[in-house]
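Q: Just dropping this structure here.
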Amino acid sequence: MTTPNKTPPGADPKQLERTGTVREIGSQAVWSLSSCKPGFGVDQLRDDNLETYWQSDGSQPHLVNIQFRRKTTVKTLCIYADYKSDESYTPSKISVRVGNNFHNLQEIRVVFDVFGPRGLETAATATPPQACSWFSGSRWRLIWP
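Taken in order, the sequence shown gives residues 16 to 160; the numbers are from our numbering.
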């Protein structure tokens with residue numbers, strides 16, 4: 016089932032939150048990482064400070080796992096990255112996968128060469144996920160319509 020996208024292309028998610036058009040729902044989920052260096056974990060991934068970030072510490076793939084306690088529709092995944100300050104850790108590919116558990120995840124979106132420039136990348140989703148797995152990134156926000 017595809018839901019019509021009511022968010023204008025290029026819209027600022029923070030501004031949309033302030034106006035009540037969308038709301039951030041990441042706090043309703045349990046977040047885990049495949050690995051991280053000390054001081055560069057989920058808290059740094061989720062805070063609103065552009066100077067902090069998640070840094071993986073292990074072999075690939077680098078995963079961000081987001082699990083909701085009940086079936087939840089995620090409209091948009093917003094990821095901020097700054098290639099110039101983080102080029103060795105900036106992903107060249109992000110795979111968005113959804114499912115009811117880790118054993119039945121299906122890829123719904125692949126984004127290549129996402130972060131050449133500095134800025135925000137959004138990946139719209141059309142499937143109601145309960146468990147999601149994403150490859151490495153720097154700043155993550157989940158938006159619900």
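Heads up, the beta-carbon is just placed ideally off N, CA and C, and yes, glycines get one too.
Given the structure is predicted, the values throughout are model-derived calculations rather than measurements.
Please specify which runs of the alpha helix (DSSP H), each continuous and at least 4 residues long, are wholly inside the region 17–100, giving them in chain order.
A: As far as the region 17–100 is concerned, its whole alpha helix (DSSP H) runs of at least 4 residues are 28–33 and 57–61.
Q: Please name the residue, chosen from Cys51, Cys93 and Asn80, that lies closest to Gln70 on a Cα-to-Cα basis.
A: Of the candidates Cys51, Cys93 and Asn80, the one whose C-alpha sits nearest the C-alpha of Gln70 is Cys51.
Q: So does the region 31–42 actually touch the region 53–60, counting three or more Cβ pairs closer than 8 Å?
A: Contact fails: fewer than three Cβ-Cβ distances are below 8 Å.
Q: Of the choices Glu32, Val57 and Lys108, whose alpha-carbon is the least far from that of Val126?
A: The shortest C-alpha separation from Val126 is found at Lys108.
Q: Assuming the contact rule is C-beta atoms closer than 8 Å, Asp45 and Gln82 should be a hit. Round their C-beta distance to whole Å, please.
A: Sequence inspection shows Val at residue 45; the Asp mentioned does not correspond to that position. That belief holds up - the Cβ atoms of Val45 and Gln82 are roughly 5 Å apart, short of 8 Å.
Q: Less than 9 Å between the beta carbons of Ser49 and Val79, yes or no?
A: Yes, the pair counts as a contact, with Cβ atoms nearer than the cut-off.
Q: Taking all protein chains shown into account, decide if His118 is buried (16 or more other Cβ within 10 angstroms of its Cβ) or exposed.
A: His118 should be labelled exposed.
Q: Report the residue from Thr34, His77 and Tyr95 whose alpha carbon sits nearest the alpha carbon of Asp62.
A: The option with the nearest alpha carbon to Asp62 is Tyr95.
Q: Under a CB-based cut-off of 9 Å, is Thr36 close to chain C?
A: Note that chain C does not occur in the displayed structure, where there is just one protein chain.
Q: Just grab the DSSP bridge partners of Ile109 for me.
A: Answer by DSSP bridge pairing, in chain order: Val126.
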